[in-house]
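Chemist: Using this note's numbering, the letters of the first sequence correspond one by one to residues 737 to 1535.
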Amino acid sequence: MDRYDPKQIEPRWQQVWADEHTWEVTNEPDERPKAYVLEMLPYPSGEPHIGHLKNYSVGDAVAHFRRRTGHRVLHPMGYDAFGLNAENHAIKTGQHPRESTEASIAEFRRQFREWGISIDWTREFGTHEPRYYRWTQWIFLRLYERGLAYRKEAAVKWCPKDQTVLANEQVIEGRCERCGTPVEARQLEQWFFKITEYADRLLEDMGEIEWPPNVLTMQENWIGRSEGAEVTFRCEELGVDYEVFTTRPDTLFGATFFVMAPEHPDVFRMSDAPEVHEYVNKALNESAEERGDEHKQKTGVPLGRTVTNPVNGEEIPVFVADYVLMEYGTGAIMAVPAHDERDYDFAKVFDLPIRPVIDCGELPCTGDGPLINSGEFDGIPAPEAKGAITDSLGERGLGKPTVNYRLRDWLLSRQRYWGCPIPIVYCEKCGMVPVPEDQLPVELPDIDDYLPKGRSPLAAAEDWVHTSCPSCGGEAHRETDTMDTFVDSSWYFLRYCDAGNDLAAWDREVLARWMPVDQYIGGIEHAILHLMYARFFIKALADMDLLDVQEPFARLFTQGMVTRGGAKMSKTKGNVVSPSELVERYGADTLRCYILYVGHPAEGGDWSDEGIDGLFRFLSRIWRAAHDAPEGPVEPQGEPGALVRKAHWAIDKVTRDLGDRFATHTAIAAVIELVNEIYRERESADPSHVRFAIATAASLIFPFAPHLGSEVYEQMTGLRVWEEPWPEADPSLLVTETVALVVQLNGKLIDRLEAPADASEEEQERIARESEKLAARLDGKEVVKTVVVPGKLVNFVAR
RNA sequence: GCCGAAGUGGCGGAACGGUAGACGCACGCGACUCAAAAUCGCGCGGCCGAGAGGCCGUGUGGGUUCGACUCCCACCUUCGGCACCA
């Protein structure tokens, strides 16, 4: 071999790592600190794309770095295997989702090996395997026992194309997250997880995790906690009290009407008029998109009734209007047109009184100011008045402080086939009965027709559906909905810790040895969905005394999305970049380095393979330097020269970039600089220095290009680089004897002079004053001030 | 509309308030070669200048500072999240 040939190098090292089980770790404790490094598990559909390569390249660099800095690293892999893609494929082709999914898994596995990712394969599983989903069902039953999984009829989001309900989190701008179809509202009985019970703890515990602030903010906004008051408006004619939620009890005196959502159960009780029925029906049949259009003019119908404003006894008219949402607050609002834009618009359309009660400028104004037209509260600043008015209502039993959330409970049932069955049976006598633990898993039966028909395709598997009641033995039928795939991925990281355990989902002690995940790595698109669900699961399981952590992921790194032509890669758009061709052409090491070099991995960007040649050249240069290297020891002999200093500089730079800030791009750039220096100095420097620099370059590039790193390091030292500790920079070699002292005049660079690195401020100033350029530029001007930055520069301020 | 991030050469991108453009791509020149590729070396923000050198330059306008890509204020543009949430 006389040129760098990844086709020879890469398979050889992959074989070594497979044969020797290099990346496997046991669950036995040892003296090293643990590090659980995890990338989000892939959703196996087709073959991996370049975004996967980026994700696992980042994670692998971290895993290697942690291993070589003395950690016992857990770095496992699995597959989020249930889901709609495989099922839709089955509808088209008749191929069982299991077959297409497992074919895809085989391809992902093959490529992960081809990329040289350092995975402990003994812990691998797919979430569609009964040995895994048995425990997903077990967790469901624990949540059920605790009242955290429940069935309820509610207005839910329905995707007419996928023929299934969706969680709120899976509706993006009124459309189905998966297929983009506008969703419809339906009144259905469904399974929910009570994530709202954890809203406050999901917020509070954000202080305990090191996550990107934008992700925390997104979750915070999603949870949408707002403090306010619950206020009672009584309808005397009906003799019914209606509660409303408001964040602005200070504006109560300005409430001039009252509005109910079309879904509010009491609308027809208020008025049975035909126009009311017509309006409600129309609103209910509108898509979320149509109804939510912000430019739409306000519509509504008066209900011919009044309710009493509790602060002043005023009778105000009641309307039904679709701008009020049933799912937030109580589904009814007090309307304050002077201080709420929506109420203002509505009042304008229906010519309702607009009464300012806060002196805050032009109406409608939502800001603060002193109260007016508010009786005894006049003059009080609005923020203060909130409490005062709420207290005064409280004394009369007509209001109290309360907190509301935007977050809704997690709707987890899906009317689809390819998912984890919900382990519940319905018995005519006993009602809803959980499947006993020893009868798990409830296995997914094979069926012929995958086409959804508004109910789960499982309902057609009659032999499977008909069963006996675990409680009384009588006739019963199984739940035919399956679980949202986000349930599967909300606990997979726990299973990796104890993947082979057939007796339990995990052994608590083993779990305690690995959890929490020290470094989690994945796409920003999961900022809310997966990352919030998993946090909820861990908290719920901790409350059941089943594990010992409160947060699953101690540190999170979100990589930016790789796009193509400005769009997210997808098979339907036909813009997927497949890594396998590029690996074929350049080798995995080049591609891995390239994707980590084009920019900080947290940044997204449009894919272009321009520049990949440069990284191939760079790795070739390392290889060739080693190939042509002189014989001898790798320990630098004699006085360390520029090359040895450069090597230590690179060690320091890569260590800081990788350890502190995931700056893989500047870390690789530092190794490139070192290699450039090797080429400049290799004729003139001491041979041992050259050898040391080459071995150092191999050692530093190893986390990014593990095959080449191993190859060159072995060639130079006879050792296996992954068994060697991470190099340490010698601080004495990071400083030089002389520095280029910058001379500035009024903050502008005018000269550079050589000065001793340890020169005192006075000496520095004296040296700088001798600058000929300074003298020429000063030209009679007077220096009025001198600023000295030790070891760096001297700035003369002159007029 | 609200919240957040970002605007730097032809391109991807560097730069604890202290030498703007590291490193790579593309491009140009040279060496090697019969030649080409590969490789090795050099150059490469703009303007003026034969050169030495000078002036301008980090989205726009202001401010703080001896000194601002970096901090503050306003604006413009792009991207991401949320969006009739009371």
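Backbone N, C-alpha and C fix where the C-beta goes; we use that ideal spot for every residue, glycine too.
Given a cut-off of 8 Å, decide if T992 and I1090 are closer than it, judged by their beta-carbon atoms.
Modeler: Yes, Cβ-Cβ distance for I1090 and T992 is below 8 Å.
Chemist: At 4 residues or longer, and completely inside the stretch 1300–1355: list those alpha helix (DSSP H) runs for me, N to C.
Modeler: Qualifying alpha helix (DSSP H) stretches, in chain order: 1315–1322, 1324–1333.
Chemist: Looking at C-beta atoms only, is the number of pairs between the stretch 891–900 and the stretch 781–797 that lie closer than 8 Å three or more?
Modeler: Taking 8 Å as the limit for Cβ pairs, the verdict is that the stretch 781–797 does not touch the stretch 891–900.
Chemist: Determine which residues share a DSSP beta bridge with Y886 and list them.
Modeler: According to DSSP, which records beta bridges pairwise, Y886 is partnered with F928.
Chemist: Taking 8 Å as the cut-off, decide whether the C-beta atoms of V1312 and H785 are in contact.
Modeler: Yes, they are a contact pair.
Chemist: Using only CA atoms, which one of I1108, E1077, T1126, G1115 lies nearest to T1102?
Modeler: The shortest C-alpha separation from T1102 is found at E1077.
Chemist: CB Y978 to CB F969, shorter than 8 Å?
Modeler: Yes, they are a contact pair.
Chemist: Please report the distance separating the alpha-carbon of V1285 from that of E946.
Modeler: Their Cα atoms are separated by approximately 15 Å.
Chemist: So, using beta-carbon positions, are I855 and F848 closer together than 8 Å?
Modeler: Cβ distance < 8 Å, so I855 and F848 count as in contact.
Chemist: Do M1062 and F994 have their C-beta atoms closer together than 8 Å?
Modeler: For M1062 and F994, no; Cβs fall outside 8 Å.
Chemist: Which value, in whole angstroms, describes the spacing of the CA atoms of L1351 and A1362?
Modeler: Each residue's alpha carbon lies about 17 Å from the other.
Chemist: Using DSSP with H/G/I as helix, E/B as strand and the rest coil, what is V1370?
Modeler: Note: V1370 maps to coil in three-state DSSP.
Chemist: In angstroms, rounded to a whole number, what distance separates the CA positions of E1011 and A1121?
Modeler: Computed Cα separation, rounded: 40 Å.
Chemist: Going by alpha carbons, who is nearest to F1055 out of P998, P1046, N1021?
Modeler: Among P998, P1046, N1021, the Cα nearest to that of F1055 belongs to P998.
Chemist: Between K1509, R1535, E1464, which has its C-alpha nearest R804's C-alpha?
Modeler: It is E1464.
Chemist: Which runs of the alpha helix (DSSP H) at least 4 residues long sit entirely within the stretch 1073–1109? Give them in chain order.
Modeler: 1077–1086, all fully within the stretch 1073–1109.
Chemist: Considering Cα atoms alone, identify which of I1052, G1036, T1035 is closest to V1576.
Modeler: With the chain covering only 737 through 1535, there is no way to say anything about residue 1576.
Chemist: Report the three-state DSSP secondary structure of L1176 (helix, strand or coil).
Modeler: Looking at L1176 - three-state DSSP - the assignment turns out to be coil, as it is neither helix nor strand.
Chemist: Exposed or buried, R1328, counting other C-beta atoms within 10 Å across all chains shown (16 or more means buried)?
Modeler: Answer is buried; the Cβ neighbour count reaches 16.
Chemist: So for A997, helix, strand or coil by DSSP?
Modeler: It is coil, neither helix nor strand.
Chemist: Just tell me which of V1370, M1452, D1234 has its CA closest to the CA of L810.
Modeler: Ranking the options by Cα distance to L810, first place goes to D1234.
Chemist: Tell me where the alpha helix (DSSP H) around T1453 begins and ends.
Modeler: Where T1453 is concerned, the enclosing alpha helix (DSSP H) stretches over 1442–1453.
Chemist: On a Cα-Cα basis, can you pick out the residue from T1432, S1420, D1396 that is closest to I1408?
Modeler: It is T1432.
Chemist: According to the neighbour-count rule (16 or more other Cβ atoms, all chains shown, within 10 Å of its Cβ), is N744 buried or exposed?
Modeler: Position check: residue 744 holds Gln in this sequence, whereas Asn was assumed. Counting Cβ neighbours within 10 Å, Q744 comes out exposed, since fewer than 16 surround it.
Chemist: In three-state terms, what does DSSP make of I1257?
Modeler: Three-state result, I1257: strand.
Chemist: So, with DSSP's three-state summary, where would you put H1401?
Modeler: Looking at H1401 - three-state DSSP - the assignment turns out to be helix.
Chemist: Mark G1175 as exposed unless 16 or more other C-beta atoms lie within 10 angstroms of its C-beta, in which case mark it buried.
Modeler: First, the residue type needs correcting, since residue 1175 is Gln and not Gly in the sequence shown. The residue in question, Q1175, is exposed, as its Cβ has fewer than 16 Cβ neighbours within 10 Å.
Chemist: G1190: buried (16+ other C-beta within 10 angstroms of its C-beta) or exposed?
Modeler: By the 10 Å Cβ count, G1190 comes out exposed.
Chemist: DSSP three-state label for D1220, please.
Modeler: DSSP places D1220 in coil when its eight states are reduced to three.
Chemist: I need the straight-line Cα distance from R1513 to V1411, nearest angstrom please.
Modeler: Distance between the alpha carbons of R1513 and V1411 is about 40 Å.
Chemist: Please list, in chain order, all residues of the same chain as F1272 whose beta carbon is under 6 Å from its beta carbon, the five residues on each side excluded.
Modeler: Cβ within range, chain order: I931, Y934.
Chemist: Could you pull the DSSP bridge partners for W894 from this structure?
Modeler: According to DSSP, which records beta bridges pairwise, W894 is partnered with V901, E920.
Chemist: What did DSSP end up calling I1160 once you bin it into helix, strand or coil?
Modeler: Residue state, collapsed to three classes: strand.
Chemist: Please give the ranges of any alpha helix (DSSP H) in the stretch 920–987, keeping only runs that are unbroken, at least 4 residues long and fully inside the region.
Modeler: If we require 4 residues or more, the alpha helix (DSSP H) runs fully inside the stretch 920–987 come out as 935–940, 949–959.
Chemist: Among W874, A1197, P1172, P1177, which has the Cα closest to the Cα of E1184?
Modeler: Inspection of the sequence shows that residue 1184 is occupied by Asp rather than by Glu. Among W874, A1197, P1172, P1177, the Cα nearest to that of D1184 is on A1197.
Chemist: Just to confirm the assignment, what range does the beta strand (DSSP E) spanning D1487 have?
Modeler: 1484–1492 is the extent of the beta strand (DSSP E) around D1487.
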